[in-house]
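See structure below.
There are 2 protein chains.
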Amino acid sequence: MKALAQASRAAARVLVAASTEQKNRALGAMARALRAAGPDIAAQNQLDLADARASGKNDAFLDRLLLDAPRLEAMAAAVESVAALPDPVGEVTERWTRPNGLRVRKERLPLGVVLMIYESRPNVTSDAAALCLKSGNAAILRGGSEAFRSCQAIARALQVGLAEAGLPAACIQLVPTTDRESMLELLKLDGLIDLCIPRGGEGLIRFVVEHARVPVVKHYQGVCHVFVERTADLELASRLIVNAKTSRPGVCNAAECLLVDAPIAAAFLPLAAKALVGKGVELRGDAATVALASVPVTPAKGDDYGREFLDLILAVKVVDGFEAALAHIAQFGSEHTEAIVTRDPALAQRFTREVTASAVMVNASTRFNDGGELGLGAEVGISTSRLHAFGPMGLKELTAQKYVVEGDGQTR
Amino acid sequence: MKALAQASRAAARVLVAASTEQKNRALGAMARALRAAGPDIAAQNQLDLADARASGKNDAFLDRLLLDAPRLEAMAAAVESVAALPDPVGEVTERWTRPNGLRVRKERLPLGVVLMIYESRPNVTSDAAALCLKSGNAAILRGGSEAFRSCQAIARALQVGLAEAGLPAACIQLVPTTDRESMLELLKLDGLIDLCIPRGGEGLIRFVVEHARVPVVKHYQGVCHVFVERTADLELASRLIVNAKTSRPGVCNAAECLLVDAPIAAAFLPLAAKALVGKGVELRGDAATVALASVPVTPAKGDDYGREFLDLILAVKVVDGFEAALAHIAQFGSEHTEAIVTRDPALAQRFTREVTASAVMVNASTRFNDGGELGLGAEVGISTSRLHAFGPMGLKELTAQKYVVEGDGQTR
Numbered sequence: 000m001k002a003l004a005q006a007s008r009a010a011a012r013v014l015v016a017a018s019t020e021q022k023n024r025a026l027g028a029m030a031r032a033l034r035a036a037g038p039d040i041a042a043q044n045q046l047d048l049a050d051a052r053a054s055g056k057n058d059a060f061l062d063r064l065l066l067d068a069p070r071l072e073a074m075a076a077a078v079e080s081v082a083a084l085p086d087p088v089g090e091v092t093e094r095w096t097r098p099n100g101l102r103v104r105k106e107r108l109p110l111g112v113v114l115m116i117y118e119s120r121p122n123v124t125s126d127a128a129a130l131c132l133k134s135g136n137a138a139i140l141r142g143g144s145e146a147f148r149s150c151q152a153i154a155r156a157l158q159v160g161l162a163e164a165g166l167p168a169a170c171i172q173l174v175p176t177t178d179r180e181s182m183l184e185l186l187k188l189d190g191l192i193d194l195c196i197p198r199g200g201e202g203l204i205r206f207v208v209e210h211a212r213v214p215v216v217k218h219y220q221g222v223c224h225v226f227v228e229r230t231a232d233l234e235l236a237s238r239l240i241v242n243a244k245t246s247r248p249g250v251c252n253a254a255e256c257l258l259v260d261a262p263i264a265a266a267f268l269p270l271a272a273k274a275l276v277g278k279g280v281e282l283r284g285d286a287a288t289v290a291l292a293s294v295p296v297t298p299a300k301g302d303d304y305g306r307e308f309l310d311l312i313l314a315v316k317v318v319d320g321f322e323a324a325l326a327h328i329a330q331f332g333s334e335h336t337e338a339i340v341t342r343d344p345a346l347a348q349r350f351t352r353e354v355t356a357s358a359v360m361v362n363a364s365t366r367f368n369d370g371g372e373l374g375l376g377a378e379v380g381i382s383t384s385r386l387h388a389f390g391p392m393g394l395k396e397l398t399a400q401k402y403v404v405e406g407d408g409q410t411r
Numbered sequence: 000m001k002a003l004a005q006a007s008r009a010a011a012r013v014l015v016a017a018s019t020e021q022k023n024r025a026l027g028a029m030a031r032a033l034r035a036a037g038p039d040i041a042a043q044n045q046l047d048l049a050d051a052r053a054s055g056k057n058d059a060f061l062d063r064l065l066l067d068a069p070r071l072e073a074m075a076a077a078v079e080s081v082a083a084l085p086d087p088v089g090e091v092t093e094r095w096t097r098p099n100g101l102r103v104r105k106e107r108l109p110l111g112v113v114l115m116i117y118e119s120r121p122n123v124t125s126d127a128a129a130l131c132l133k134s135g136n137a138a139i140l141r142g143g144s145e146a147f148r149s150c151q152a153i154a155r156a157l158q159v160g161l162a163e164a165g166l167p168a169a170c171i172q173l174v175p176t177t178d179r180e181s182m183l184e185l186l187k188l189d190g191l192i193d194l195c196i197p198r199g200g201e202g203l204i205r206f207v208v209e210h211a212r213v214p215v216v217k218h219y220q221g222v223c224h225v226f227v228e229r230t231a232d233l234e235l236a237s238r239l240i241v242n243a244k245t246s247r248p249g250v251c252n253a254a255e256c257l258l259v260d261a262p263i264a265a266a267f268l269p270l271a272a273k274a275l276v277g278k279g280v281e282l283r284g285d286a287a288t289v290a291l292a293s294v295p296v297t298p299a300k301g302d303d304y305g306r307e308f309l310d311l312i313l314a315v316k317v318v319d320g321f322e323a324a325l326a327h328i329a330q331f332g333s334e335h336t337e338a339i340v341t342r343d344p345a346l347a348q349r350f351t352r353e354v355t356a357s358a359v360m361v362n363a364s365t366r367f368n369d370g371g372e373l374g375l376g377a378e379v380g381i382s383t384s385r386l387h388a389f390g391p392m393g394l395k396e397l398t399a400q401k402y403v404v405e406g407d408g409q410t411r
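Protein chains in written order, with numbering that gives the first Met the number 0: chain H, 0 to 411; chain Y, 0 to 411.
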């Protein structure tokens, strides 16, 4: 593993000086190679799927693993869309002049070597590789054992693209084994690996954080709240919670808990509960919710608050005002996405200031905390660590910033 | 230690909502309290100094530990100067509107709880506390055992300031013990501590990195190079290397190695060597340097390159052109500060782009890689990790950025 990481480090030295044009040429060639390799990738994917089925994996797992024709095309198109994004490397983010005439600027550079650890989604192989390449980083990709043949077939196609553009093969390396020992070895390579991004279930992520000596950016959970404040437009609030809960209940930016301000609970709960139940949502509420909702509500148990259901289940609570909502979110939130529905600008301002979450929404669905939806073009993951990146990580979040100082012989 | 960190976490919740005015009021009161406590701090410092002398600490150590009247005044003035800096919290760094009308912005917020680990300089107690408070972070300060009574006396004064401004005492906590076990316990408190900044010798920093489960931003060494390229103004280059080496040889941004482009070696080396030797510098050079310098040069051993002398010793090497200089820096540099002296703008541009270091200097002394000199107002340390912060860390580097999204009922 050390030799593999050293090869990545050497490739990173080449990539730091690669032009935007050369990187885009590689991305274009990678997309073409992915399309040409479609039958090979699909065949390898069928082998992975057969094994997964034989070992009794559930439908959700098989669906994450599947690469059918539309998904293969989406993979290639995603690589092309990364080529179309602006190159962050060399971007000057600030500049100023010092009284002694020194011209100072902050300029983006690649992080260096990025280790991506993921599980059953083979498309992460090309998505992450494209984002790393465009931002000038060498990528070490460590996919899950169940998707290993699919990942290998994808990585072979990516290599064709690198070769066409004259970039070293080690710019993108798939770890050739899927055992835990080699992953542990990689996680200790402080100095060779600049960032590790784990994506997958909470178990994998906790394992990585526990053992890593290299820096890790990650998120564990998305326990997202929607707080409907007393001045809210109730129709709008009802639409937002239905969207936040039901548009894709299995993802991290789906809402898991609805907080309703006490003075409007009697008016709002019957309206929202009816809409939610109409979409198949099970409500788990406190006593006030059970009393007011006009539909059957399961009494909430203690651990229903702060829980990531990832399912058509929503915890509901009536709270006594803005402060009580903030306190509930501080106690039970996961710093992922928090939303308020309100018509009071002062409270909206306080909410955005005082709630600590990677994205804070005012009168918008929690589902917008996503790199594509926020306009980042693509994302390599969402961070709920506040250090380095907080929220969706796009190309800019795969860079660092150095100081560049130009003088005329200044001394101290 | 866990209870201490939980108290910091609770204090951080108060600080995130504290106004600039309230934080500045606390800083003003802290500065006044430091001045009032001058005699108490000096008395405690004398006790620390007596013990350090008795245990045979060297002069450099005793000097770092000493708090005399001018240093006490400088500590109080530093707290006031932090009060005068702009508050980074709430600063909007970018804003844009999405096609669906969502208004997105990135806004700075405090990191949360910052753990500062340091050794014998007691003034770090008030410097770090002031920077953390202004950036809305709760500070946990863990000073070295030799400075413990001095740190306690300073922390008592800081508490007076917090109380006057009505802020919780736990905003600034000095760890009440200096044993390694309690430090180890703190380093494991992922989730309660958001960032650890160790400052001190390489041994301390390696210990922290080895054992931390909380994020660490640090630098190990400053192995800084000055490359005098063939088009350089030789007089200017000579002044720069003298300044970079001799203005304060014991600090991390002092130059440790001079690289001289071969075509100008015969003209430049006698000039620079004479000036350096005149300032008491011992030169350790390769064969070409020994042959050309016109003054006595110690033949360099292999480990003289890549070494942080922190003394009036300079490694010197004649390199065969720009690429060879880049290769030497990539091999031996520590990503702290690297400088080129040149009159060729294209090479200056390539140097600033391709050299990976927290600060890259063109025609300026390496000694300018410092928060104060670059205009950050003050610094809590210098990072050579590329993640989160690279270079001097001021108030902005003690913040994260969240996404704030304002809508009118948008759904996905």
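Even glycine gets a Cβ: it sits at the ideal position worked out from N, Cα and C.
With 16 as the cutoff for other CB atoms within 10 Å, does residue i come out buried or exposed?
i	result
Asn368 (chain Y)	buried
Gln409 (chain H)	buried
Gln43 (chain H)	buried
Leu46 (chain H)	exposed
Arg385 (chain Y)	buried
Gln172 (chain H)	buried
Thr176 (chain Y)	exposed
Gly277 (chain H)	exposed
Gly100 (chain H)	exposed
Pro109 (chain H)	buried
Lys244 (chain Y)	buried
Glu372 (chain H)	buried
Lys316 (chain Y)	buried
Arg52 (chain H)	exposed
Tell me, which residues are paired with residue i by DSSP?
i	result
Ser382 (chain H)	H:Gly390
Val103 (chain H)	H:Trp95, H:Val404
Thr336 (chain H)	H:Ala358
Leu257 (chain H)	H:Val225, H:Val315
Along chain C, which residues have their Cβ under 9 Å away from the Cβ of residue i?
i	result
Thr230 (chain Y)	Of the protein chains in this structure, namely H and Y, none is chain C.
How big is the Cα-Cα spacing for residue i and residue j?
i	j	result
Thr96 (chain H)	Arg104 (chain H)	9 Å
Glu180 (chain H)	His210 (chain H)	11 Å
Ala264 (chain H)	Val404 (chain Y)	25 Å
Ser134 (chain Y)	Thr92 (chain Y)	15 Å
Ala412 (chain H)	Phe389 (chain Y)	The requested residue 412 (chain H) does not occur in the structure, where chain H is confined to residues 0 to 411.
Val78 (chain H)	Asp39 (chain H)	18 Å
Cys256 (chain Y)	Lys217 (chain Y)	22 Å
Arg212 (chain H)	Ala9 (chain H)	21 Å
Asn122 (chain Y)	Tyr117 (chain H)	45 Å
Ala261 (chain H)	Leu311 (chain H)	24 Å
Leu114 (chain Y)	Val241 (chain Y)	37 Å
Ser293 (chain H)	Asp232 (chain H)	20 Å
Ala4 (chain H)	Leu191 (chain H)	6 Å
For the beta strand (DSSP E) that residue i lies in, which residues bound it at each end?
i	result
Arg352 (chain Y)	Looking at the DSSP string, Arg352 (chain Y) is not in any beta strand (DSSP E); the run it does join, the alpha helix (DSSP H), is 344–353.
Leu14 (chain H)	That residue, Leu14 (chain H), is in no beta strand (DSSP E); its alpha helix (DSSP H) goes 1–14.
Glu405 (chain H)	398–409
Ala363 (chain H)	358–363
Glu90 (chain Y)	Counting along the chain, Glu90 (chain Y) falls outside any beta strand (DSSP E), and DSSP gives it neither H nor E.
Leu114 (chain H)	112–116
Could you check where the alpha helix (DSSP H) with residue i kicks off and where it finishes?
i	result
Pro197 (chain H)	Here Pro197 (chain H) belongs to no alpha helix (DSSP H); instead the beta strand (DSSP E) covers 194–197.
Gly371 (chain H)	370–373
Val207 (chain Y)	201–210
Gly277 (chain H)	261–277
Leu183 (chain Y)	179–186
Complete runs of the alpha helix (DSSP H) confined to the region 19–82 of chain Y [at least 4 residues]: 19–35, 37–53, 58–64
Runs of 3 residues minimum, wholly inside the region 212–255 of chain H: which ones carry the beta strand (DSSP E) assignment? 223–227
Minimum length 4: unbroken alpha helix (DSSP H) runs contained in the region 129–164 of chain H: 147–163
Which runs of the beta strand (DSSP E), 3 residues or longer, sit entirely within the region 270–323 of chain Y? Counting only runs of 3 or more, we get 281–284, 312–318.
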